[in-house]
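Report on one structure; see the data block that follows.
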Amino acid sequence: MLQPLSYVIVTPYTVAKSRTGGVLSRLLSRISLELVGAQMVAMDKETTEAFARIIESRSPEACCGATRDILGSYIRRNMGPSDDGFLHRSLFLIFRGDDPTKELSAVCGTFQKEADDVEAVSGESIRDTFADLIYTDESRRTIRYFEPAVITAGEQKEAEAVIELFAKWLPTQNNLIHNRQEDYYEGIE
Numbered sequence: 001m002l003q004p005l006s007y008v009i010v011t012p013y014t015v016a017k018s019r020t021g022g023v024l025s026r027l028l029s030r031i032s033l034e035l036v037g038a039q040m041v042a043m044d045k046e047t048t049e050a051f052a053r054i055i056e057s058r059s060p061e062a063c064c065g066a067t068r069d070i071l072g073s074y075i076r077r078n079m080g081p082s083d084d085g086f087l088h089r090s091l092f093l094i095f096r097g098d099d100p101t102k103e104l105s106a107v108c109g110t111f112q113k114e115a116d117d118v119e120a121v122s123g124e125s126i127r128d129t130f131a132d133l134i135y136t137d138e139s140r141r142t143i144r145y146f147e148p149a150v151i152t153a154g155e156q157k158e159a160e161a162v163i164e165l166f167a168k169w170l171p172t173q174n175n176l177i178h179n180r181q182e183d184y185y186e187g188i189e
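Quick note: the sequence shown uses this note's numbering, first residue 1, plus one each step.
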């Protein structure tokens, strides 16, 4: 019998800050799933938009404490290419096993609304340690800063949609990621 697949994407900020090793060690040591695929990716605008739309179509129950709109906005702003053509690298991981979406969601964790209270942060999940959700004031209506650290599916149908999106897009991509336009490298020896 085929086992279902799910994914975790390590965000560009987490990759850039060299936190990938900490995220991977926490992830791999706390799951019973098999890692069956891993690739660095730098999404184009179309793939970024399609990914954001999938995340925004989540059911409210599957949205891990943050709203769909916050994650969709984050994806559009931080995971696609910038206006100057700079590409943002993420790590795309695929896992196989029994109920992978539930297991990955538990290890990735939710977003701590009480992160401003040091005693309330447990450090149990990946997001407890590496993610931030900071509001401008106690009303918690306006977000000042948001960094999810990792993105994973809330439901199995979402995992399948994201994996299908990447399965169609990845074969068209080069395995080497050039973060900047070619003219940036002119004159560099």
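Ideal placement from N, C-alpha and C gives every residue a C-beta, glycine not left out.
Please read all numbers here as calculations on a predicted model, not as lab measurements.
Helix, strand or coil: which one does DSSP assign to I70?
Translated into positions along the sequence shown, residue 70 becomes position 70. I70 falls in the helix class under three-state DSSP.
Is the beta carbon of S206 sitting closer than 8 Å to the one on G154?
Shown here, the chain extends from 1 to 189; a query on residue 206 therefore has no answer.
Taking Cβ positions, are T48 and G80 nearer each other than 8 Å?
What you label residue 48 is simply residue 48 of the sequence shown in a count that begins at 1. What you label residue 80 is simply residue 80 of the sequence shown in a count that begins at 1. In this structure, G80 lies closer than 8 Å to T48 by Cβ.
Count the other C-beta atoms from every protein chain shown that fall within 10 angstroms of the C-beta of P60, then say buried if there are 16 or more, exposed otherwise.
Position 60 of the sequence shown, counted from the start, is the residue given in the question as residue 60. So P60 counts as exposed.
Measuring straight from C-alpha to C-alpha, what distance separates L35 and L24?
Stepping through the sequence shown from its first residue, residue 35 is reached at position 35. Stepping through the sequence shown from its first residue, residue 24 is reached at position 24. Between L35 and L24, the C-alpha separation is close to 11 Å.
Does the count of Cβ pairs from the segment 3-14 and the segment 137-153 closer than 8 Å reach three?
yes
Tell me the residue span of the beta strand (DSSP E) that contains S90.
Counting from 1 along the sequence shown, the entry for residue 90 is found at position 90. Start and end: 90-96.
Residues bridged to T152 [DSSP beta-bridge criterion]
Sequence index remark: in the sequence shown, residue 152 carries index 152 (1-based). T152 is bridged to V8.
Can you grab the Cα-Cα spacing for the pair Q39 / T142, in whole Å?
Against the sequence shown, residue 39 aligns to sequence position 39. Against the sequence shown, residue 142 aligns to sequence position 142. Rounded to whole angstroms, Q39 to T142 spans 34 Å at the Cα level.
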